[in-house]
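To keep things clear, I will list the structure first and then write my remarks on it.
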Amino acid sequence: AVCNSSRTPCKDPPDKLFTVHGLWPSSMVGPDPSNCPIKNIRKREKLLEPQLEIIWPNVFDRTKNKLFWDKEWMKHGSCGYPTIDNENHYFETVIKMYITKKQNVSRILSKAKIEPDGKKRALLDIENAIRNGADNKKPKLKCQKKGTT
24 AVCNSSRTPC
34 KDPPDKLFTV
44 HGLWPSSMVG
54 PDPSNCPIKN
64 IRKREKLLEP
74 QLEIIWPNVF
84 DRTKNKLFWD
94 KEWMKHGSCG
104 YPTIDNENHY
114 FETVIKMYIT
124 KKQNVSRILS
134 KAKIEPDGKK
144 RALLDIENAI
154 RNGADNKKPK
164 LKCQKKGTT
C-alpha cells in the first residue's frame, strides 16, 4: 500500500508479500502518540536484523533499512512503554507477532485470497480476513490516498 500511495516510488517493492510498515502504539481517544521520551535504553540486537530485512524492509531503499527502523523506534516504538520495554523488545515484538503469534498478515490475507496484486478490496473484507486469522483481534487499519505518506 505504501508503494501505491507515496509520491516517492518504491525502488524495491516486495514481491507478492505483505510486509510490516510499523508497530504503532495507539490512543483510544485523540491522536496516536509519537516521539516519546525513552525510558529504558537497550539497543536493537544485530541478530534480529536478518528477520527484519524480510518482514520489515524499507521498500523505498533497502540499503537504508537501519535508518528506517531507527526512525520507527524513535517516533513510534518509544511510546509503547511500559508494554514495550525498550528498542530491542519493540523489534522482538514485531517478529513474534509476524512469525509466531499467527499475526502474519501476509499469510492471513493470502489464505483469504487477498494478495498484493493491485486489486481494490473492500475494507470490511480485509478486516474480516484479519479477524478470522488473528483470534478475532480487530485490526486498526489506516487507508492512505495516493500522494500522501
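Just so we're on the same page, my numbering is the position in the sequence shown counted from 1, plus 23. Yeah, the Cβ is synthetic: ideal placement off N, Cα and C, and Gly gets one too. Owing to the predicted nature of the structure, the values given are computational and were not obtained by experimental measurement.
Same chain, Cβ closer than 6 Å to residue i, five either side skipped, listed in chain order
i: residue 46; result: 117
i: residue 157; result: 126
i: residue 62; result: 104
i: residue 25; result: 44
Other residues of its chain near residue i: CB distance less than 7 Å, five sequence neighbours each side excluded
i: residue 16; result: Absent from the model: residue 16. The displayed extent of the chain is 24 to 172, so no value can be given.
i: residue 140; result: none
i: residue 143; result: none
i: residue 107; result: 100, 113 and 116
Any chain D beta carbon closer than 8 Å to residue i
i: residue 44; result: Among the chains of the structure shown, chain D does not appear; only one protein chain is present.
Same chain, Cβ closer than 8 Å to residue i, neighbours up to 5 away in sequence not counted
i: residue 58; result: 97, 98, 101 and 102
i: residue 122; result: 74 and 78
i: residue 155; result: 131 and 135
i: residue 34; result: 82, 83, 84 and 85
Residue nearest to residue i in terms of C-alpha spacing, selected from the options
i: residue 66; options: 89, 110 and 42; result: 110
i: residue 105; options: 87, 64, 120 and 149; result: 64
i: residue 71; options: 134, 107, 113 and 60; result: 113
i: residue 89; options: 146, 25 and 69; result: 69
i: residue 44; options: 115, 136, 86 and 81; result: 81
i: residue 48; options: 76, 95 and 91; result: 95
Residue i, enclosing alpha helix (DSSP H) - first and last residue
i: residue 97; result: 88–98
i: residue 74; result: 72–78
i: residue 148; result: 146–156
i: residue 138; result: Looking at the DSSP string, residue 138 is not in any alpha helix (DSSP H), and its letter there is neither H nor E.
i: residue 112; result: 110–118
Rounded distance between the beta-carbons of residue j and residue i, thought under 8 Å
i: residue 31; j: residue 83; result: 6 Å
i: residue 147; j: residue 164; result: Their Cβ separation, rounded to whole angstroms, is 10 Å, which puts residue 147 and residue 164 out of contact at 8 Å.
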